[in-house]
Amino acid sequence: MQGNGQTDGFALQVVSFTAVPTPGSAALLGLAGILVTRRRR
């Protein structure tokens, strides 16, 4: 708690995370990349 300058042993830590694409969307991105490179040739 707060107010008297003493802590009660509780600390809040900020946790950050990064968005990881699902395997299905990663596969779709890979297929799209393959199609784009084949189309340019």
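Quick note on numbering that gives the first Met the number 0: the sequence shown kicks off at 0 and runs consecutively. Ideal placement from N, C-alpha and C gives every residue a C-beta, glycine not left out. Since the structure is predicted, the reported quantities are computational estimates derived from the model, not experimental observations.
Under the three-state DSSP convention, the category residue i falls into
i: V19; result: coil
i: L34; result: helix
i: L27; result: helix
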